[in-house]
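Protein chains in written order, with this note's numbering: chain L, 2 to 115; chain U, 261 to 372.
Structure first, then comments.
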Amino acid sequence: DQQVKQNSPSLSVQEGRISILNCDYTNSMFDYFLWYKKYPAEGPTFLISISSIKDKNEDGRFTVFLNKSAKHLSLHIVPSQPGDSAVYFCAATTLDSGTYKYIFGTGTRLKVLA
Amino acid sequence: DTAVSQTPKYLVTQMGNDKSIKCEQNLGHDTMYWYKQDSKKFLKIMFSYNNKELIINETVPNRFSPKSPDKAHLNLHINSLELGDSAVYFCASSHMRGGEQFFGPGTRLTVL
Numbered sequence: 002d003q004q005v006k007q008n009s010p011s012l013s014v015q016e017g018r019i020s021i022l023n024c025d026y027t028n029s030m031f032d033y034f035l036w037y038k039k040y041p042a043e044g045p046t047f048l049i050s051i052s053s054i055k056d057k058n059e060d061g062r063f064t065v066f067l068n069k070s071a072k073h074l075s076l077h078i079v080p081s082q083p084g085d086s087a088v089y090f091c092a093a094t095t096l097d098s099g100t101y102k103y104i105f106g107t108g109t110r111l112k113v114l115a
Numbered sequence: 261d262t263a264v265s266q267t268p269k270y271l272v273t274q275m276g277n278d279k280s281i282k283c284e285q286n287l288g289h290d291t292m293y294w295y296k297q298d299s300k301k302f303l304k305i306m307f308s309y310n311n312k313e314l315i316i317n318e319t320v321p322n323r324f325s326p327k328s329p330d331k332a333h334l335n336l337h338i339n340s341l342e343l344g345d346s347a348v349y350f351c352a353s354s355h356m357r358g359g360e361q362f363f364g365p366g367t368r369l370t371v372l
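Okay, structure coming up:
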């Protein structure tokens, strides 16, 4: 039972354009959402997060939007750069046995074309 | 200065062997995790330790045994390795209060 889903395995975008990565979830008890970026042969690195009580968080070129009624979040990258080419994972957290449990989506491979 | 380190980076071994993967974090975090990324690229949590105490133990064969000698270390020992154990294993850490996790570079385990 995949509680966090990224339905697009890959996405290609021209340099300078907007990249939009989507993520859907099923558990309304999730209280925090995060996006990670992963390059080949490296571990995921944290990019940006959003609390379930907010609907938008912005950090430079990266903005995350949360639509709780639709159980949907998205990551916008504007403008996209070739160095943004990576796999992007969304994750959600919930409190479990006194600690936070992280559940990851399957990732979307973003390719930014120069 | 490496925040979360894992050794070894690559591990190739025969079926039936026992192997260990080591993880260390120098971030002062309370909580450490082991994840498995399989061939389908799912990142699934295996274990979570908080202050050396096992908190989360997902449905993982008991051939996998985590050991936390102190708050900064969480090692993963695997007995009687099977072909299906081949995957990339990631260690991570975070504060107990949640927030972002910091991941190690991963250990690619190949069981022949």
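In this text, a Cβ means the ideal position worked out from N, Cα and C, and glycines have one as well.
Q: Would you give the residue range spanned by the beta strand (DSSP E) that Glu-59 of chain L belongs to?
A: 57-60
Q.
With H, G and I counted as helix, E and B as strand and the rest as coil, what does DSSP make of Asp-345 of chain U?
A. helix
Q. Which bits of chain L does Gly-366 of chain U rub up against, with CB to CB less than 8 Å?
A. Ala-42, Glu-43, Gly-44
Q: Decide yes or no for the touch test of the segment 53-63 of chain L against the segment 273-284 of chain U: beta carbon pairs closer than 8 Å, at least 3 of them.
A: no
Q. From L:Asn-68, L:Tyr-33, L:Leu-48, pick the residue whose C-alpha is nearest to that of Lys-39 of chain L; which is it?
A. The shortest C-alpha separation from Lys-39 of chain L is found at L:Leu-48.
Q: From the DSSP output, read off the bridge partner residues of Arg-368 of chain U.
A: U:Tyr-270, U:Val-348
Q: Note down, in chain order, every chain L residue with its Cβ under 9 Å from the Cβ of Phe-363 of chain U.
A: Residues of chain L passing the Cβ test: Tyr-37, Lys-39, Glu-43, Gly-44, Pro-45, Thr-46, Phe-47.
Q. Does the segment 265-272 of chain U come close enough to the segment 292-307 of chain U to have 3 or more Cβ pairs within less than 8 Å?
A. no
Q. How is Asp-152 of chain L classed by DSSP in three states: helix, strand or coil?
A. Nothing in the structure corresponds to residue 152 of chain L, since chain L is present only between 2 and 115.
Q) Which whole runs of the beta strand (DSSP E) in the segment 12-38 of chain L are 3 residues long or more, in chain order? A) 20-26
(Q) According to DSSP, Gln-65 of chain L sits in a beta bridge with which residue or residues? (A) Note that residue 65 of chain L is Val in the sequence shown here, rather than Gln. Its beta-bridge partners are L:Asn-58, L:Leu-76.
Q.
So for Glu-313 of chain U, helix, strand or coil by DSSP?
A. strand
Q.
Is the beta carbon of Ile-281 of chain U closer than 8 Å to that of Asn-339 of chain U?
A. no
**Q.** Own chain residues within Cβ distance below 6 Å of Asn-23 of chain L, not counting five before or after
**A.** Sequence-distant partners of Asn-23 of chain L (beyond 5 residues in either direction) whose C-beta falls short of 6 Å from its own C-beta, in its chain, are Ser-75.
**Q.** Extent of the continuous beta strand (DSSP E) to which Lys-279 of chain U belongs
**A.** 279-285
Q. When the Cα atoms are used, what is the spatial distance from Tyr-101 of chain L to Ser-354 of chain U?
A. 9 Å
Q: Would you kindly work out how many angstroms separate the C-alpha atoms of Ser-98 of chain L and Leu-114 of chain L, rounded to a whole number?
A: 44 Å
Q | Where Pro-321 of chain U falls, given that 16 or more other Cβ within 10 Å makes a residue buried | A | exposed
(Q) Using a Cβ-Cβ cutoff of less than 6 Å, which residues in the same chain neighbour Phe-324 of chain U once the five nearest sequence positions on both sides are dropped? (A) Ile-338
**Q.** Identified DSSP bridge partners for Gln-297 of chain U
**A.** Paired residue(s): U:Leu-303, U:Val-348.
Q. CA-CA distance, Phe-307 of chain U and Thr-64 of chain L?
A. 31 Å
Q | For Gln-3 of chain L, three-class secondary structure by DSSP | A | coil
Q: Sort L:Lys-112, L:Gly-106, L:Leu-111 by Cα distance to Gln-4 of chain L and report the nearest one.
A: Answer by Cα proximity: L:Gly-106.
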